[in-house]
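Undergrad:
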Amino acid sequence: MEVHGELWTLKELFVYPNEYIYWALQIVMYPLMTGLVAGAFVLSSLYHVFDRKELKEMSRFSLIFSYALLLAAPMPLLFHLLQPLRGFYVFLTPHFTSAIAAFGVVFFSYAGLVASEIWFVERRFFVQSAQRLRNASGIANKVKGFIYRAWSLGAYDISEEALRKDGKVIRVLAGIGVPVACFLHGYAGFIFGSVKANALWMTPLMPVIFIMSAIVSGIALCMLTYIIVLEINRLKSKRMKKLLPLEESGGVEMDIIKMTSKYLVFFMVIAVTLEFLDLVFRGYTAVKHWDILRTVIYERDFFNIFILQYGIGNLIPLVMLIMPGLTKRRAIIALILILIGVFMMRWNVVVGGQSFSLTLSGYMHYKIPIIPQNFETYKEGIIGALTIISLPFIFLWILSKVIPLTKEE
Amino acid sequence: MSRRDFLKTGLMVGAGLGLSSILGKDILSSAGIITPKRWVFLVDTFKCVGCGLCVRACKLENEIPYDVPVTRTWVERYVVKKDGTVLADSPYGGRDGYLINNPQGIVVPQEDIAKAFFVPKLCNQCTNPPCVQVCPVGATYQTNDGVVLVDRKWCIGCGYCIMACPYGVRFFHPVHKVAEKCNFCYHRITKGMKPACEDACPFGARHIGDINDPAHPVADIIKTQRVSVLKDEFGTKPSVYYLGYDSLIR
Ligand code: SF4
Ligand code: SF4
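Just so you know, the sequences run in chain order A and B.
Each residue of the first sequence is one higher than the one before, counting from 1 in our numbering.
Each residue of the second sequence is one higher than the one before, counting from 1001 in our numbering.
(1) Check whether chain B comes within 8 Å of Tyr-16 of chain A, counting only Cβ atoms and requiring the distance to be less than that.
(2) Nearest to Phe-79 of chain A by alpha carbon, out of A:Phe-395, A:Val-269, A:Ile-403, A:Phe-375?
(3) For a test of your reading of the model: does the CB of Thr-225 of chain A fall under 7 Å from any non-hydrogen atom of ligand 1? Yes or no.
(4) Is it the case that the Cβ atoms of Tyr-1242 of chain B and Thr-1045 of chain B are separated by a distance below 8 Å?
(5) Would a C-beta distance cut-off of 8 Å place Leu-293 of chain A and Leu-205 of chain A closer than the cut-off?
(6) At which residues does the alpha helix (DSSP H) containing Leu-339 of chain A begin and terminate?
(7) Please find out if some non-hydrogen atom of ligand 1 comes closer than 7 Å to the beta-carbon of Gln-1102 of chain B.
(8) If you pair each beta-carbon of the stretch 93-100 of chain A with each one of the stretch 169-183 of chain A, do three or more pairs fall below 8 Å?
(9) Under the three-state reduction of DSSP, which class applies to Val-37 of chain A: helix, strand or coil?
(10) Measuring only between beta-carbons, confirm whether Met-1193 of chain B sits less than 8 Å from chain A.
(11) Can you round the beta-carbon distance between Ile-394 of chain A and Ile-382 of chain A to whole angstroms, since I take them to be within the 8 Å contact cut?
(12) Can you list the residues near ligand 1, meaning Cβ strictly closer than 7 Å to any non-hydrogen atom, in the order they appear in the chain?
(13) Looking at the strands, I want to know which residues DSSP matches up with Glu-117 of chain A.
(14) Can you give, in chain order, each stretch of the alpha helix (DSSP H) that sits fully within the stretch 54-83 of chain A and has at least 4 residues?
(15) What are the start and end residues of the beta strand (DSSP E) that includes Leu-10 of chain A?
(16) Whose CA, out of A:Gly-325, A:Ile-307, A:Gly-353, lies closest to the CA of Ile-340 of chain A?
(17) So, is Pro-245 of chain A buried or exposed, given that buried needs 16 or more other C-beta atoms within 10 angstroms?
(18) Drop a sphere of 10 angstroms on the beta-carbon of Gln-1225 of chain B, count the other beta-carbons inside from all chains shown, and report buried for 16 or more, exposed for fewer.
(19) Please name the residues in the stretch 367-397 of chain A whose beta-carbon is closer than 9 Å to at least one beta-carbon of chain B, in chain order.
(20) What is the C-beta distance between Ile-170 of chain A and Phe-120 of chain A, in whole angstroms, given that I count them as a contact (C-beta under 8 Å)?
(21) In chain B, which residues lie less than 8 Å from Ser-361 of chain A when you measure between Cβ atoms?
(22) Specify, as a first and last residue, the run of the beta strand (DSSP E) that Val-1086 of chain B falls within.
(23) Using the Cα positions of Glu-117 of chain A and Arg-330 of chain A, report the straight-line distance between them to the nearest angstrom.
(24) What do you reckon, are the CB atoms on Lys-144 of chain A and Leu-133 of chain A nearer than 8 Å?
(25) Based on the DSSP output, what are the partners of Trp-1154 of chain B in its beta bridges?
(26) Assuming contact is defined by CB atoms lying nearer than 8 Å, are Asp-1210 of chain B and Arg-1038 of chain B in contact in what I supplied?
(27) Is Arg-294 of chain A close to chain B? Criterion is C-beta to C-beta, closer than 8 Å.
(28) Just confirm the distance between the C-beta atoms of Tyr-366 of chain A and Trp-8 of chain A, as a whole number of angstroms; I'd bet it's less than 8 Å.
(29) Does chain B have any CB closer than 8 Å to the CB of Gly-87 of chain A?
(30) Using only the heavy atoms of ligand 2, determine whether one of them is closer than 7 Å to the beta carbon of Ala-1139 of chain B.
(31) Taking only beta-carbon positions, decide if Cys-1051 of chain B is within less than 8 Å of chain A.
(32) Using a Cβ-Cβ distance under 8 Å, would Asn-348 of chain A count as near chain B?
(33) Return yes when the C-beta of Pro-1136 of chain B is under 7 Å from any heavy atom of ligand 2, and no when it is not.
(34) Less than 7 Å separating the Cβ of Ile-292 of chain A from some heavy atom of ligand 2?
(35) Applying a beta-carbon distance threshold of less than 7 Å, which residues of chain B neighbour His-95 of chain A?
(36) Check the Cβ-Cβ distances between His-1059 of chain B and every residue of chain A, and say whether any is below 8 Å.
Here it is in C-alpha cells:
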C-alpha cells in the first residue's frame, strides 16, 4: 500500500514525514490549459475590441480554438482529484474562501460567453448553411441541416442591418470576455499565489505573471495550430482536385503570422520582466526562506529555470521572431519553443514550489512517472498529460466538422 | 400526568429549547451561563525521550496503516553538533523509537554533540486555519470547540488543504483516499477520554486541555509559564503549545 505521492517523490535531508509531491503533473497541466484558453480568447478579441483588421482571420480561428480548449480545461483537475466522482461537489457546496471554489462560476460564465460570441460570429454561416441544406438528401446532410437549423435559433434575418447589429454585440461580448478570460487565469495564479505556506508561490505578482504567460501561450498555440490547419487544407485541396491555384508560401497568411508575432513578442517581454522582478525582489529582501529558495533556483532547478524556461523557451524564440524576414519554418520552430517555455514555467512553479520541504532544510525530487504501473501513475504521468494535451485537438476536430476553421468564401 | 399538564410541560420544554437555540451558545456563554470548551494541547519537549509509543498508539487508534510512512502525529529528533551543524530527522514519524544514535543516517560521536532533543508534532488545530480557508467544498471545517475536522464523505481529494498547511501535518489517507490529519482524537475527548497519544506516553510529554477551564492544569501552565507555538509568522494562531521550544525546531 502506498500513500498518494510516494511513488514519485524522492526525499533528501530533513523533510516532514507526511510531505510528498501531492500536486504533480496534472496541476502543471491545469494552469497550462486555462492559460491557453485565456490567451486564445484575448487574441481573438484583439480584432473585435481594438479593431485590429489584420487579425480578422486569426480572430475567428482562435475564438473557436479557445472553445475547444475550454472544454478540455477542467479535465486536468478531474484527473488530479483523488475522488473524481465527487468533483461536482464544488458546484453543490462551493466554499468561497477557497480560490478553487470559484472555478465553477468562472468556468460556466466564461463558457457561456464564448459560446454566445461564436454564435454571433457564425450566425450568418449557420443560416446560410441551414438554407442550403434545407432540401438536401442523404442522412449526413439531413443531420447537418438539422444542426444548423437548431443552432440558428430561429433567427434567420441576415440582412446587412441585422449583421451590423450582430457586430456590435460581438464587440461588447469580446470586450467583456477579455477581463473574464484574464480573471479565469488570474485566479488560477491566485490558487498558487495565496498559499502562504509555500515560500515560492506566495507573491501577489503570481496572478499577473500567470495572465501574461497565459496570453503568450495562447497566442503561440493559436498561431501554430493556424499554420498547421492551413497547411493541411492546402495539402488536401492539392490532392483532391488541384482546382485552387496553390498560394505561394509566404503569401497573405505570412502577413497575418508576422503581425500576430508582434503581439506575441510584446506580451512575452512583459511576462519575462515580471518574472525577473519577482526574482530580484526575493533576492533583495532575502527573508527567512530565501536561503533554501536560492539553492533551489540557482542550483537544483538551474537547468529547468534558466536553460529550458528562459533560454530555450524565451530568449531564443524572441530572437527568432524579432529577426527580420520571418519565414514559416522559423515561426513554427519559435512557436514550439515558446510553448515549451510556458510549460516549463508552469512546471517550475508547481513542481519547483514543492521541491523543498516546509522544514526549509530538506528537498523533494519529483520522479515523473513515464511508464504507468497503475491508474495513479497513469493519471499523474506523461501518458496522462499527453491524454490531456490531445483533448483540445480532438474537440477542435469535432468542431471543424460543423464550423469551418478557415475562411472559404 | 393529565393531558393538560403534558401539553404544558411540552410547551415549556419546547420554548426553553427554542430560546436556547435562538440565543445560541455565544450569547449564553457571553452572559456567563455556559463557557464553551476550547481544546488546547501542551507538549513538554523536556519530557519526551523519543520512544515513539505515541505514534504507534495513534496509528492503531485512528486506523492509519502501520507500514505506510504517513502518520497523524510524529516525533522529530534534533541533534546539534558542537560545530553548529543541525541534524534532524523523523523516519516513519519516529514510529519505532530512536534507539540508535544515527540522525539522518550519520553516526555522531557522543563528544561531538552540543545538544539533542525530541519534538512531538501534531495538528495545531489553528484558530485561523488556512486548511479550512482553502477547502473548495467545505469538507475541512472547524468545530465550535476549536478542533479542525475533515468530512471523509465530502472531501474531493484535491489536496489544496495539504498544500496550505504550513506544518505539513496533512496527507491523503492511503485507504479512504481523502485528506487526513490529527484531530486531537475528537471521538475520545468529546467523551471525556484523553487522546490515544497522551494515554500512551509513559513520560507525560503530551497533555490535552481546555483553555477556558481555569481549573485545568494545562490551561494553568499555558497561562502562567513561558510557552511557545510553532511558526508564529504564518498567523495561524495554533492551539498546540510547547514547553522547551528551541529556535532550531522546524
Ligand atoms: S496545523 Fe495544518 S491541518 Fe492543522 S489546523 Fe493548522 S493548518 Fe490545518
Ligand atoms: S483535499 Fe479534501 S479536505 Fe482538503 S481541500 Fe480538498 S476537498 Fe477539502
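Each residue gets a CB set at the ideal place from its N, CA and C atoms; glycine is no exception.
TA: A quick look at the data gives this:
(1) yes
(2) Comparing Cα-Cα distances from Phe-79 of chain A to each of A:Phe-395, A:Val-269, A:Ile-403, A:Phe-375, the minimum goes to A:Phe-375.
(3) no
(4) yes
(5) no
(6) 328-350
(7) Sequence check: residue 1102 of chain B is Asn here, not Gln. Because no heavy atom of ligand 1 lies under 7 Å away, the Cβ of Asn-1102 of chain B does not count as near it: no.
(8) no
(9) Three-state result, Val-37 of chain A: helix.
(10) no
(11) Actually they do not touch by this definition, with Cβ atoms about 18 Å apart.
(12) B:Cys-1123, B:Asn-1124, B:Gln-1125, B:Cys-1126, B:Pro-1129, B:Pro-1130, B:Cys-1131, B:Val-1132, B:Val-1148, B:Cys-1161, B:Ala-1164, B:Cys-1165, B:Pro-1166, B:Tyr-1167, B:Val-1169, B:Arg-1170, B:Lys-1181, B:Thr-1236, B:Pro-1238
(13) In DSSP, Glu-117 of chain A forms no bridge with anything.
(14) 56-72, 74-80
(15) 9-13
(16) Closest by alpha carbon: A:Ile-307.
(17) Note on Pro-245 of chain A: pLDDT 48, under 50, position unreliable in the model; the coordinate value appears next. Burial is judged here by how many other beta carbons sit within 10 angstroms of a residue's own beta carbon; Pro-245 of chain A has fewer than 16 and is exposed.
(18) exposed
(19) none
(20) 5 Å
(21) Val-1086, Ala-1088, Arg-1250
(22) Per DSSP, Val-1086 of chain B belongs to the beta strand (DSSP E) from 1086-1089.
(23) Rounded to whole angstroms, Glu-117 of chain A to Arg-330 of chain A spans 33 Å at the Cα level.
(24) Yes, the pair counts as a contact, with Cβ atoms nearer than the cut-off.
(25) According to DSSP, Trp-1154 of chain B bridges with nothing at all.
(26) Their beta carbons are under 8 Å apart, which means Asp-1210 of chain B touches Arg-1038 of chain B by this criterion.
(27) no
(28) 6 Å
(29) True, the Cβ-Cβ gap to chain B drops below 8 Å.
(30) yes
(31) no
(32) Answer no: the Cβ-Cβ gap between Asn-348 of chain A and chain B never drops below 8 Å.
(33) yes
(34) no
(35) Cys-1135, Pro-1136, Val-1137, Gly-1138
(36) Residue 1059 of chain B is actually Lys in this sequence, not His. It does not; no Cβ of chain A falls within 8 Å.
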